[in-house]
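Colleague: Take this structure, written in structure tokens, and hold onto it; I'll ask about it next.
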Amino acid sequence: MDQLSLQDPLFATYVIAATLMILKAVSMSWLTVVRMMKVKGGFRSPEDIRKTPLNPEPDPKQLEPDEYVERIRRIHMNDLENLPFFLVAGFLYVFTEPPLWLAQVLLYGYVVSRLLHFAAYFTAQTHDTRATLWTVGSLILIFMTCRTLFAALGY
Amino acid sequence: MDQLSLQDPLFATYVIAATLMILKAVSMSWLTVVRMMKVKGGFRSPEDIRKTPLNPEPDPKQLEPDEYVERIRRIHMNDLENLPFFLVAGFLYVFTEPPLWLAQVLLYGYVVSRLLHFAAYFTAQTHDTRATLWTVGSLILIFMTCRTLFAALGY
Amino acid sequence: MDQLSLQDPLFATYVIAATLMILKAVSMSWLTVVRMMKVKGGFRSPEDIRKTPLNPEPDPKQLEPDEYVERIRRIHMNDLENLPFFLVAGFLYVFTEPPLWLAQVLLYGYVVSRLLHFAAYFTAQTHDTRATLWTVGSLILIFMTCRTLFAALGY
């Protein structure tokens with residue numbers, strides 16, 4: 002393929018999808034922080050219940066799991082199980098030189114599936130909804146990875 | 002080095018190892034799903050015990066940790082601690098232009114060490130066996146990373 | 002941009018930062034091992050309390066969480082939430098062809114922020130200190146990712 006360049010529509014498609022997913026994952030960290038500050042709890046380390054400017058009235062209960070915070074941690078964990086692999090798989094898929102429309106369907110489709118998965122998890126939709134949305138993204142990931150593997154093997 | 006290309010044997014070696022490891026990690030997600038459906042438990046979110054077509058007879062016990070499921074989650078976690086770093090380290094190692102045979106030994110050796118680690122963990126071999134297999138992969142990862150660091154520093 | 006090469010100062014800057022961060026993450030695994038061996042506990046799998054050469058006097062208490070070990074696991078988890086995304090974001094940021102000094106400030110600044118974050122977490126500094134150091138790294142990551150996204154979108 003030609004040199005990797007942000008001017009190349011195929012590589013740019015990957016970069017847009019990848020950076021959106023990175024921002025998505027980073028947002029989970031910030032959302033965890035926001036919720037911990039809101040409930041003043043859901044902390045994890047013993048030193049977090051020391052008296053500080055940000056925690057003027059510490060309480061041992063602040064170290065107990067708080068479902069309002071834990072929900073974001075579970076969403077975050079789901080990101081960690083999926084996004085790093087998508088970031089690499091999508092990059093390597095570019096080297097198979099797929100048609101641009103197909104790369105856009107797969108890469109942007111993945112982004113959309115993850116944003117909907119977030120919406121479903123965040124609003125506590127039933128497990129079936131969440132699982133269906135996760136499955137869409139996972140199948141896209143598996144497809145891109147297998148396609149790349151076969152291409153590298155010479156098929 | 003020449004342009005990255007799937008026709009380049011060195012880059013193709015990396016891509017084959019990387020895609021196999023991505024598929025390995027994704028399989029852990031699916032294996033978790035399979036086991037959760039088999040024991041109808043090991044769920045994690047409060048909404049997972051709502052009555053749905055996939056969970057017609059919900060029970061609060063479904064939210065308790067289930068060792069049959071937790072084993073896969075621990076294996077998965079071990080993947081998350083290792084594979085994303087391998088995926089990047091292996092890619093950057095390609096730029097040091099190692100001899101093909103050495104890259105094959107390291108990259109495929111890593112893949113084999115992780116598959117054996119999975120087999121040992123999955124079948125609950127003793128900690129010593131599992132730790133030995135993990136160590137092989139970790140040392141390969143450290144070697145490739147240090148080699149790349151020194152090359153980037155100009156040594 | 003020109004071809005990716007370790008002789009290119011911009012790419013070499015990224016590779017140095019990336020490999021240091023990979024070694025940092027891998028060190029957390031080894032540090033967990035060291036601490037588990039020191040306290041002979043903090044294990045996680047039922048098979049870890051079988052009698053073996055490395056564990057001659059097993060005890061069910063060895064499966065209980067041990068704060069001395071858990072601290073490293075929390076630091077490690079924080080790495081998993083941050084470093085894989087930094088590794089990809091930093092790589093893609095190179096394609097925006099930033100001035101070398103800026104790339105050095107951002108990439109090495111990130112490395113320093115994470116090493117200080119480790120020092121603060123390791124020595125159980127107050128949450129405010131740790132959070133401030135994490136924030137520096139997170140803002141660098143967000144900046145690089147947004148810059149890359151806009152560049153890929155043609156701005």
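Residue numbers (my numbering), protein chains in the order written: chain A, 2 to 156; chain B, 2 to 156; chain C, 2 to 156. Note that CB positions come from ideal geometry on N, CA and C, so glycine has one too. Just so it is clear, the structure is predicted and the values come from calculations on it, not from any experiment.
1. Just the C-alpha distance for residue 145 of chain B and residue 42 of chain B, rounded to the nearest angstrom, thanks.
2. Check whether chain B comes within 7 Å of residue 143 of chain A, counting only Cβ atoms and requiring the distance to be less than that.
3. State the DSSP-derived secondary structure class of residue 97 of chain C, mapped to helix, strand or coil.
4. How long is the line joining the alpha carbons of residue 117 of chain A and residue 124 of chain A, rounded to whole angstroms?
5. Counting along the chain, where does the alpha helix (DSSP H) carrying residue 133 of chain B start and finish?
6. Report the residue from B/34, B/24, B/18, B/16 whose alpha carbon sits nearest the alpha carbon of residue 74 of chain B.
7. Kindly say whether residue 19 of chain C, judged by its beta-carbon, lies nearer than 7 Å to any beta-carbon of chain A.
8. Given that residue 139 of chain B touches chain A, what residues does it touch there, using C-beta distances under 7 Å?
9. Helix, strand or coil, according to DSSP, for residue 33 of chain C in the structure here?
10. Report back the beta-carbon spacing between residue 128 of chain B and residue 48 of chain C to the nearest angstrom; my notes put them in contact at under 8 Å.
11. Taking just the CA atoms, how far does residue 107 of chain C sit from residue 1 of chain C?
12. If you measure beta-carbon to beta-carbon, which residues of the segment 89-100 of chain C are closer than 8 Å to chain A?
13. Consult DSSP for residue 124 of chain A and reduce its assignment to one of helix, strand or coil.
14. Within the 7 Å Cβ cut-off, does residue 129 of chain A reach chain B?
15. Give me whichever residues DSSP pairs with residue 56 of chain B in a beta bridge.
16. Taking all protein chains shown into account, decide if residue 63 of chain C is buried (16 or more other Cβ within 10 angstroms of its Cβ) or exposed.
17. I want to verify the contact list: residues of chain B whose CB lies under 8 Å from the CB of residue 150 of chain A, in sequence order.
18. Only counting the same chain, and skipping five residues up and downstream in sequence, which positions put a Cβ closer than 6 Å to that of residue 44 of chain B?
19. Round the Cβ separation of residue 101 of chain B and residue 11 of chain B to the nearest angstrom and send it over; I've been treating them as touching at under 8 Å.
20. What residues in the segment 53-72 of chain B have a beta carbon less than 7 Å from any beta carbon of chain A?
21. When we look at the beta-carbon of residue 139 of chain A and count the other beta-carbons within 10 Å, is it buried (16 or more) or exposed?
22. By a C-beta neighbour count over all protein chains shown, 10 Å radius and 16 as the cutoff for buried, is residue 112 of chain B buried or exposed?
23. So the candidates are A/137, A/155, A/46, A/85; which of them puts its Cα closest to the Cα of residue 21 of chain A?
24. Helix, strand or coil for residue 109 of chain A? Go by DSSP, reduced to three states.
25. Expressed to the nearest angstrom, what Euclidean distance is found between the alpha-carbon atoms of residue 19 of chain B and residue 122 of chain C?
26. Taking only the alpha-carbon atoms, compute the straight-line gap between residue 104 of chain C and residue 104 of chain A and give it to the nearest angstrom.
27. Could you give the C-beta distance for residue 7 of chain C and residue 153 of chain B, rounded to a whole number, given that I count them as a contact under 8 Å?
28. Can you give the Cα-Cα distance for residue 16 of chain A and residue 93 of chain C, rounded to whole angstroms?
29. Rounded C-beta distance between residue 89 of chain A and residue 88 of chain B? I'm assuming under 8 Å.
30. Quick one: using the 10 Å Cβ neighbour count with 16 as the cut-off for buried, is residue 40 of chain A buried or exposed?
31. In chain order, what residues of the same chain lie with their CB nearer than 6 Å to the CB of residue 137 of chain A, ignoring the 5 residues before and after it?
32. Examine chain C for any beta-carbon lying closer than 7 Å to the beta-carbon of residue 120 of chain B, and answer yes or no.
33. Look at the Cβ atom of residue 50 of chain A, then the Cβ atom of residue 27 of chain B, and state whether they are nearer than 7 Å.
34. Output yes or no for whether 7 Å exceeds the beta carbon distance between residue 80 of chain B and residue 37 of chain B.
35. Judging by CA-CA distance, which residue of C/70, C/68, C/155 is the nearest neighbour of residue 96 of chain C?
Modeller: According to the data block:
1. On the second sequence, position 144 is the one that residue 145 of chain B refers to. On the second sequence, position 41 is the one that residue 42 of chain B refers to. Near 41 Å, if we compare the C-alpha coordinates of residue 42 of chain B and residue 145 of chain B.
2. To locate residue 143 of chain A, count along the first sequence from 1; it is residue 142. Yes, residue 143 of chain A lies at the interface with chain B (some Cβ there is under 7 Å from its Cβ).
3. Indexing the third sequence from 1 puts residue 97 of chain C at position 96. DSSP places residue 97 of chain C outside both helix and strand once states are collapsed to three, so it counts as coil.
4. Counting from 1 along the first sequence, the entry for residue 117 of chain A is found at position 116. Counting from 1 along the first sequence, the entry for residue 124 of chain A is found at position 123. Their Cα atoms are separated by approximately 11 Å.
5. Residue 133 of chain B sits at position 132 when you count from the first residue of the second sequence. For residue 133 of chain B, the enclosing alpha helix (DSSP H) has its first and last residue at 128-153.
6. To locate residue 74 of chain B, count along the second sequence from 1; it is residue 73. Taking each of B/34, B/24, B/18, B/16 in turn and checking the Cα distance to residue 74 of chain B, the smallest one comes out for B/34.
7. Here residue 19 of chain C is taken as the residue at index 18 of the third sequence, counted from 1. Not closer than 7 Å to any Cβ of chain A, the Cβ of residue 19 of chain C fails to qualify, so no.
8. Numbered from its first residue, the second sequence carries residue 139 of chain B at position 138. Listed by position along chain A, the residues whose Cβ is nearer than 7 Å to that of residue 139 of chain B form an empty set, because the closest Cβ is around 18 Å away.
9. As a first step, residue 33 of chain C is located in the third sequence; it is residue number 32 there, counting from the start. Helix.
10. As a first step, residue 128 of chain B must be located in the second sequence, where it is residue number 127. As a first step, residue 48 of chain C must be located in the third sequence, where it is residue number 47. Right, the Cβ-Cβ distance comes to about 6 Å (below 8 Å), so this counts as a contact.
11. What is shown of chain C runs 2 to 156, which leaves residue 1 of chain C out entirely.
12. Along the segment 89-100 of chain C, the positions whose C-beta sits under 8 Å from a C-beta of chain A are 89, 90, 93, 96, 97, read in chain order.
13. Residue mapping note: residue 124 of chain A aligns to position 123 of the first sequence, counting from 1. Coil at residue 124 of chain A, not helix or strand.
14. Reading the first sequence from its first residue, position 128 is the one you call residue 129 of chain A. For residue 129 of chain A, a Cβ of chain B is located within less than 7 Å of the residue's own Cβ.
15. Residue mapping note: residue 56 of chain B aligns to position 55 of the second sequence, counting from 1. Looking at the DSSP assignment, residue 56 of chain B forms a beta bridge with B/53.
16. Translated into positions along the third sequence, residue 63 of chain C becomes position 62. So residue 63 of chain C counts as buried.
17. Locating residue 150 of chain A in the first sequence gives position 149, where the first residue counts as 1. Under the 8 Å cutoff, chain B gives 16, 17, 20, 21, 24.
18. As a working note, residue 44 of chain B is residue 43 in the second sequence. Taking C-beta separations shorter than 6 Å and ignoring five residues to either side along the sequence, the partners of residue 44 of chain B in its chain run 63, 64, following chain order.
19. On the second sequence, residue 101 of chain B is found 100 positions in, with the first residue counted as 1. On the second sequence, residue 11 of chain B is found 10 positions in, with the first residue counted as 1. Under the criterion of beta carbons closer than 8 Å, residue 101 of chain B and residue 11 of chain B qualify as touching, at roughly 6 Å.
20. So the list reads 53, 54, 55, 56, given in the order they occur along the chain.
21. The residue given as residue 139 of chain A occupies position 138 in the first sequence. By the neighbour-count rule (16 or more Cβ atoms within 10 Å), residue 139 of chain A is buried.
22. Mapped onto the second sequence, residue 112 of chain B falls at position 111. Counting every other CB atom within 10 Å of its CB across the protein chains shown gives residue 112 of chain B a total of 16 or more, marking it as buried.
23. If you number the first sequence from 1, residue 21 of chain A lands on position 20. Looking at the Cα atoms, A/85 is the closest of the given residues.
24. Translated into the one-based positions of the first sequence, residue 109 of chain A becomes position 108. Helix at residue 109 of chain A.
25. Here residue 19 of chain B corresponds to residue number 18 of the second sequence, with the count starting at 1. Here residue 122 of chain C corresponds to residue number 121 of the third sequence, with the count starting at 1. Straight-line Cα distance between these residues: approximately 32 Å.
26. Translated into the one-based positions of the third sequence, residue 104 of chain C becomes position 103. Translated into the one-based positions of the first sequence, residue 104 of chain A becomes position 103. Taking the Cα positions, residue 104 of chain C is about 30 Å away from residue 104 of chain A.
27. The residue labelled residue 7 of chain C in the question sits at position 6 within the third sequence. The residue labelled residue 153 of chain B in the question sits at position 152 within the second sequence. Between the beta-carbon of residue 7 of chain C and that of residue 153 of chain B there is about 5 Å, and that keeps the pair under the 8 Å contact cut.
28. Translated into positions along the first sequence, residue 16 of chain A becomes position 15. Translated into positions along the third sequence, residue 93 of chain C becomes position 92. Here the alpha carbons of residue 93 of chain C and residue 16 of chain A stand approximately 7 Å from one another.
29. Here residue 89 of chain A corresponds to residue number 88 of the first sequence, with the count starting at 1. Here residue 88 of chain B corresponds to residue number 87 of the second sequence, with the count starting at 1. Right, the Cβ-Cβ distance comes to about 5 Å (below 8 Å), so this counts as a contact.
30. For this step, residue 40 of chain A is matched to residue 39 along the first sequence. With fewer than 16 Cβ atoms within 10 Å of its Cβ, residue 40 of chain A is classed as exposed.
31. In the first sequence, residue 137 of chain A corresponds to position 136, counting from 1. Take residue 137 of chain A, set aside five residues on each side of it, and the residues of its chain with a beta-carbon closer than 6 Å to its own are 114, in chain order.
32. Position 119 of the second sequence, counting from 1, holds the residue named residue 120 of chain B. Taking a beta-carbon distance threshold of 7 Å, residue 120 of chain B does not count as an interface residue toward chain C.
33. Here residue 50 of chain A corresponds to residue number 49 of the first sequence, with the count starting at 1. Here residue 27 of chain B corresponds to residue number 26 of the second sequence, with the count starting at 1. Result no, Cβ atoms of residue 50 of chain A and residue 27 of chain B do not sit closer than 7 Å.
34. As a first step, residue 80 of chain B is located in the second sequence; it is residue number 79 there, counting from the start. As a first step, residue 37 of chain B is located in the second sequence; it is residue number 36 there, counting from the start. Result no, Cβ atoms of residue 80 of chain B and residue 37 of chain B do not sit closer than 7 Å.
35. Stepping through the third sequence from its first residue, residue 96 of chain C is reached at position 95. Residue C/155 is the option with its Cα nearest to residue 96 of chain C.
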